[in-house]
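Be aware that the sequence shown starts at 35, since it is given in the working numbering, and climbs by one per residue.
Note that the Cβ used here is the ideal one computed from N, Cα and C, for glycine as well.
Predicted model only: the values in this text are computed from it and were never measured.
Below: the structure, in structure tokens.
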Amino acid sequence: MLNACELEIDLFCKGMRLSDDLSLEGARGVSRTRAGLGSGLEIALPSQSRLKDELWVNVPVVETFAATSPYLLTGNPAAGYRIFDARFDTYYPVRIPAEPRWYAQMTSRDIPMSRVGVLQGTYLGIYLNMVCTFWNYSPALNCRFCTTGQNVGTTEAADKTLSDVLETCWAARDESNVTFVHLNGGFQGSRGIAFAQPYVRAIKEQVGALVGVQLAPEKDFSQYDRLLDLGVDHLSFCLEFFDPEWFARLCPGKARMLGQKLFFDALEYCAARMPRGAVSGEIIAGVEPIEKTLEAIDYIASIGAFPTVCIFRPTVGSDMESWPPPAFEDMVVVMRHVYDACRRHWLPIGAAPNIEVSLVVNPDDAALLAERDAGFYSYEAWRRLIRFAARPVFRHRMATRSRG
Ligand code: SF4
């Protein structure tokens, strides 16, 4: 049997088949409303460990490689669900989260809320801006793994007003206990952060949620100061690849319009001004040589930021659709390194309340991979203490100041 984190990684790498008699009635549907890497079925794996209760994973089910996966999902809402591993004749019990009722609710502009934002794990993800402008060039400058240009305006609303976003956030908070709203929008020239600011302000003031922003970096770093003044809780930067050649090859828009150095500079600028772990550097593992991925993880953790590592998914419709998914063994090495880097740099992983990200292996999921030595136990004891001490801080940050 694999432990829950190993299973999570293997599901990212191999995907899963759906049995003919499977009933997913009432489950969250397969959603393709965010940048390239999220296109699967949301499931929660019981951890069987005291470290955390469940691990969330967005399992690839529509990609070609998933059709030959040894994993087969069976079950129905009444009897529950299991994943059968045909290689070892093994069953893993899993939970399939229900689709929240608010997905079908309309905003006051008559837009279904599921076209404004979706749950990804336990947080609310909203693609805020018009489609990332890398898709508008001819030939297109989009990142080669991404499918955002095909989603915005089709599976989700092309423009979202403040009222659309606030109403969706209220519903997600009230009905799904959402504590974190993540706003992203790809590349918007020098207007992306300014566009996001009123949304950040309104969500902070009127919803009472933690707010994260993920946009391509902008050269005027005072824009980040403005976001900090508004109380933004989290900033993330999609570095994608550490090796400059892989970065230029697979992220032509980022390389040509911004340059890789700007990502590092913006990350360092924000990491120096925000609490440790409030900034993330995001990278994709399983494409560039693994040594580069490990180097990226060490760099990100060394400046006090979280390494957020996505396992590469050759998403249907992307330019990299026919690329192979990464090997499980390599990804175990990467995720173990993530936890180890966070431990070595004393990053407070898993401290914020109820934030489980299904698109990546959360750094605290990877605790299940770590060697049980003295360093592990002292870091875990420190993490428990930080979680406890941080509660009033997060309560304060999530306090609603008014409701319009
Ligand atoms: S910056 Fe790249 S990954 Fe992000 S939305 Fe644009 S094309 Fe997609």
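At least one heavy atom of the ligand SF4 falls within 7 Å of the beta-carbon of alanine 250.
With contacts defined as CB atoms closer than 8 Å, serine 314 and serine 270 qualify as a contacting pair. Taking 8 Å as the cut-off, the beta carbon of leucine 402 is found closer than this to the beta carbon of asparagine 37. Exclusion of threonine 98 from the 7 Å shell around the ligand SF4 follows from its C-beta lying no nearer than that to any non-hydrogen atom of the ligand.
Under DSSP, the beta-bridge partners assigned to serine 224 are Gln222. Within the region 367-431, the runs of alpha helix (DSSP H) that reach at least 4 residues and sit entirely inside it are, in chain order, 408-431. Your pair glutamate 42 and aspartate 399 checks out as a contact, with CB atoms roughly 6 Å apart and the cut at 8 Å. In the assembly as shown, proline 358 is an exposed residue. Its beta-carbon has fewer than 16 other beta-carbons within 10 Å. If you draw a straight line from the Cα of phenylalanine 410 to the Cα of alanine 330, it is about 22 Å long.
Taking C-beta separations shorter than 7 Å and ignoring five residues to either side along the sequence, the partners of arginine 121 in its chain run Pro104, following chain order. Three or more Cβ pairs drawn from the region 372-384 and the region 337-346 lie within less than 8 Å of each other, which places the two stretches in contact. Within 10 angstroms of the beta-carbon of threonine 102 lie fewer than 16 other beta-carbons, which makes it exposed.
Judged by DSSP in its simplified three-state form, asparagine 170 adopts helix.
In the DSSP assignment, the residues bridged to glutamine 248 are Asn218, Ser270. Its Cα nearest to that of glycine 223, the residue Met291 stands out among Ser356, Tyr161, Met291, Val391. Bounds of the beta strand (DSSP E) holding proline 80 are 75-80.
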